[in-house]
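Heads up: the structure comes next, in C-alpha cells.
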Amino acid sequence: MTEENHSLTTEFTLIGFTERPELKTPLFLVFFIIYLITMVGNLGLVALIVTEHHLHTPMYIFLGNLALMDSFCSSAITPKMLQNLFSKDRMISLYECMAQFYCLCLAETTDGFLLAAMAYDRYVAICKPLQYHTMMSKKLCVQMTTGAYLAGNIHPVIHVGFLFRLTFCRSHQINHFFCDVLPLYRLSCVDPYINELMIFIVSGSLSVFTITIVIISYLFILFTILKMKSKEGKGKALSTCAAHFLSVSIFYGSLFFMYIRPDSVKEENKDIIPIAIFYTSVIPLLNPFIYSLRNREVINIMKKIMKIS
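Per full-length UniProt numbering: the sequence shown = residues 1 to 309.
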C-alpha cells in the first residue's frame, strides 16, 4: 500500500441515528429528557447519600458510587450525541474518540465491579445477618470501592494503549452515535486481531469474574428467601431482588452482546445501536429508580426532605 493511501485519518464522522431531518428534533427531545432525568436522579441520589449520615453504610456507599458512574457514563456519550443531531460535520478527532471510549469503558467496568460488590453485600445482609458488621466492615467497603475504580481505570488503559498500534486509512465514517473501539477496528488498515483478542480475553475475564459473583450471591439469596416462613416478607424480598437482578442482567447482557460474542467486530454498527442505547442511556436512567424507589429508608428520607421544604 502506498504512503498516500496510508495517510492517517485523525478525524472521523459520527453518522448517528438517522439522516432524516424530520426525526432529528424528536430524537433530540427524547434523549435530552432522558439525559436530564438521568442526571437529576443519579446526582440527587448521590447528594442524598452524602448528606444523610443514616445512609453511610456499605450498601448505600456502593449505590452512591454506582449512581456517580452512571452520571459519568451518560455525560460521556449524550452531550456529544445531542450536538451531532444538528451539527453539519459531526466530526470527532481520534484523541476525542479515545477519550470518549476511555470514559465509557471506565464507567462500565467500575459499574460491573460495584454491582458485584452490591450483590455480595446483599448476600451477607440476607444470608448472614448476624455476621454482617464483621463480614462487611468499613475497611472492606473502602477496599472494594477502591478496587472497582482501580479496575475501571486499568481496563480502558489497556485497550486505548493497543489502539496506538493501529493506523486508519479507510473510510472516516462511523455508523454509530458515539466513538467505540469496534468501529475503529473496522476502519483500521492494520489487522486488529491483537486488539480483538485483548477485548475477548481482558473484557471477557472481567465480565465473567463479576457476573459469577453476582449469580452466586443471588442464588444464595434466593435459597434463603425461599426458606422464609413469612409470605409477605418473602414476596417483598423476591420482588426487590428480582428488580435488582433484572437490572444486572440487562447491563451484562448488553455488554456481552456488544463486545464478547464472536464476530462482534465484523458486524455493522447500525445493527447494534439499540443495544448500545440500553447500556449508555436506558440503564443509567433506570438504576436510581430500581435501587432507591424500592428502598423504604431512601423513600422515608425523601419524604422528610419534601415536608421540610
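Even for Gly, the Cβ is constructed at its ideal location relative to N, Cα and C.
From a predicted model like this one, the values you see are computed outputs, not experimental measurements.
- One Cα belongs to G152, the other to D180, and the distance between them is close to 16 Å.
- DSSP assignment within the segment 57-117 yields the following whole alpha helix (DSSP H) runs of 4 residues or more, N-terminal first: 58-85.
- In the same chain as C241, and ignoring 5 residues on each side of it, the C-beta atoms closer than 8 Å to its own belong to R122, Y218, I221, L222, I225, in chain order.
- Beta-bridge analysis with DSSP links E52 to no other residue.
- Taking a C-beta distance under 8 Å as the contact criterion, L68 and F32 do not qualify as a contact pair.
- In the structure shown, S230 adopts coil according to DSSP, grouped into three states.
- R90 is positioned such that its CB atom lies closer than 8 Å to that of G16.
- Between N300 and the set H54, T25, L36, the nearest pair of CA atoms involves H54.
- Distance from the CA of L150 to the CA of E22, rounded to the nearest whole angstrom, comes to 44 Å.
- Here I199 is buried, its C-beta having at least 16 other C-beta atoms within 10 Å.
- Here DSSP, grouped into helix, strand and coil, assigns L14 to strand.
- Sequence-distant partners of A116 (beyond 5 residues in either direction) whose C-beta falls short of 6 Å from its own C-beta, in its chain, are T210, I213, V214.
- Beta-bridge partners of F168 (DSSP): S188.
- At the C-beta level, M59 and M135 stay beyond 8 Å of one another.
- Looking at the DSSP output, I174 sits in a beta bridge with L14.
- Here the C-alpha atom of S247 lies approximately 7 Å from the C-alpha atom of I283.
- Remark: three or more beta-carbon pairs, one from each stretch, lie closer than 8 Å, so the segment 153-166 and the segment 96-111 are flagged as touching.
- Closest in C-alpha terms to S71, from the list E297, M302, V298, Y279, comes Y279.
- Annotated three-state conformation of R122 is helix, per DSSP.
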